[in-house]
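What follows is a single structure, written as structure tokens, with notes after it.
In our numbering, the protein residues as written are 1 to 303.
Next comes the structure, spelled out in structure tokens:
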């Protein structure tokens with residue numbers, strides 16, 4: 001693999017990596033977030049419209065986008081913890097709602113739409129720089145993904161919040177009995193996922209030099225695939241940020257190879273889906289084999 005090819009993979013898969021980091025946090029706690037890509041589109045679209053069409057200062061436009069990610073995550077967490085709606089159903093509903101809101105905000109058009117934009121405005125300069133420029137040959141967008149990964153790693157290995165998320169994913173009721181405030185932890189997990197999705201949305205806008213309501217389509221599947229390929233248990237309690245990053249790189253190399261071979265993008269999505277099924281099936285087979293061995297050993301030890 002050439003240096004140019006490697007840098008291209010870093011640029012292309014930094015956004016999926018950021019989404020996968022948020023997805024890892026949720027899956028470890030025993031949930032799943034199908035709304036990450038739609039949240040990225042909503043946050044990026046709101047930021048773009050606020051800056052280019054409404055004339056907001058760049059910092060306020062960025063804060064609006066982050067607030068959108070926070071709000072989506074908080075709503076997901078509230079519906080799941082207070083209304084007891086299953087994670088899959090709640091985030092699937094938000095997947096559709098966030099896409100719809102992004103379409104409403106942008107009128108279904110790319111942003112900036114020069115018929116509505118304030119003269120001279122396109123996308124925020126910081127977003128453009130992070131999405132397209134490099135530092136010592138390394139794409140800045142990859143450095144943003146690295147910062148997100150380090151932050152998430154710190155949260156999950158050095159804080160009570162992270163340890164609690166692992167405990168909840170491993171055994172929710174045991175975690176509750178041990179004094180962990182399950183609802184509060186789950187709420188924070190989804191908020192963090194939403195805000196990471198907002199950052200991913202900004203990076204998408206920076207890479208494309210525009211925002212649109214449909215950007216990031218299919219990346220929710222990529223994020224789940226990366227998490228399970230990275231060794232996380234889809235049912236919670238196991239996994240890590242380092243494994244997820246490795247999973248993203250494996251998928252990136254695989255998809256890049258398919259592109260070089262001229263395989264259409266639609267088939268790449270098929271491959272992603274098959275990867276998820278295969279990895280989860282192998283994991284379940286491994287677990288059943290371990291249980292069977294332990295049961296056999298116990299029977300052998302009996303007098």
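The C-beta atom is built at its ideal place from N, Cα and C for all residues, glycine as well. Keep in mind it's a predicted model, so treat the numbers as computed, not measured.
Classification of residue i by the beta-carbon crowding that lies within 10 angstroms, buried from 16 upward
i: residue 296; result: exposed
i: residue 5; result: exposed
i: residue 255; result: buried
i: residue 285; result: exposed
i: residue 56; result: buried
i: residue 136; result: exposed
i: residue 204; result: buried
i: residue 114; result: exposed
i: residue 173; result: exposed
i: residue 316; result: Only positions 1 to 303 of the chain appear in the structure, and residue 316 is not among them; the question remains open.
i: residue 178; result: exposed
i: residue 118; result: exposed
i: residue 298; result: exposed
i: residue 181; result: exposed
i: residue 3; result: exposed
i: residue 241; result: buried
i: residue 169; result: buried
i: residue 211; result: buried
i: residue 191; result: buried
i: residue 289; result: exposed
Spatial neighbours of residue i in its chain, beta-carbon cut-off 8 Å, leaving aside the 5 residues before and after
i: residue 108; result: 213
i: residue 165; result: 25, 28, 29, 156, 185, 189
i: residue 99; result: 38, 41, 42, 213, 214
i: residue 58; result: 51, 124, 125, 126
i: residue 280; result: 228, 234
i: residue 12; result: 252, 256
i: residue 206; result: 123, 127, 128, 129, 130, 131, 132, 141
Residue i vs residue j beta-carbon contact at 8 Å
i: residue 34; j: residue 88; result: yes
i: residue 69; j: residue 195; result: yes
i: residue 216; j: residue 229; result: no
i: residue 152; j: residue 25; result: yes
i: residue 19; j: residue 198; result: no
i: residue 79; j: residue 85; result: yes
i: residue 345; j: residue 111; result: With the chain covering only 1 through 303, there is no way to say anything about residue 345.
i: residue 134; j: residue 126; result: no
i: residue 62; j: residue 105; result: no
i: residue 52; j: residue 132; result: no
i: residue 221; j: residue 269; result: yes
i: residue 77; j: residue 187; result: yes
i: residue 193; j: residue 22; result: yes
Neighbourhood of residue i by C-beta, 7 Å cutoff - its chain only, sequence neighbours within 5 removed
i: residue 226; result: 16, 20, 244, 247, 248, 251
i: residue 276; result: 224, 225, 228
i: residue 238; result: 232
Presumed contact (8 Å Cβ cut-off) between residue i and residue j, rounded CB distance
i: residue 183; j: residue 81; result: 4 Å
i: residue 10; j: residue 209; result: So it is not a contact: roughly 19 Å between Cβ atoms.
Residues near residue i by beta carbon distance below 6 Å, same chain, minus five either side
i: residue 102; result: 41, 42, 45, 213
i: residue 321; result: No answer is possible for residue 321: it lies beyond the span of the chain, which begins at 1 and ends at 303.
Contiguous alpha helix (DSSP H) assignments of at least 4 residues, all confined to the stretch 31-105: Secondary structure remark: continuous alpha helix (DSSP H) runs of at least 4 residues inside the stretch 31-105, in chain order: 36-52, 58-82.
Segments of 4+ residues assigned as alpha helix (DSSP H) that fall wholly inside the stretch 168-227: Taken in chain order, the complete alpha helix (DSSP H) segments of 4 or more residues contained in the stretch 168-227 are 172-177, 182-208.
Could you pull out every unbroken alpha helix (DSSP H) segment of at least 4 residues lying fully inside the stretch 239-291, listed in chain order? Entirely contained in the stretch 239-291, the alpha helix (DSSP H) runs reaching 4 residues are, in chain order, 241-260.
At 4 residues or longer, and completely inside the stretch 107-162: list those alpha helix (DSSP H) runs for me, N to C. If we require 4 residues or more, the alpha helix (DSSP H) runs fully inside the stretch 107-162 come out as 125-132, 140-158.
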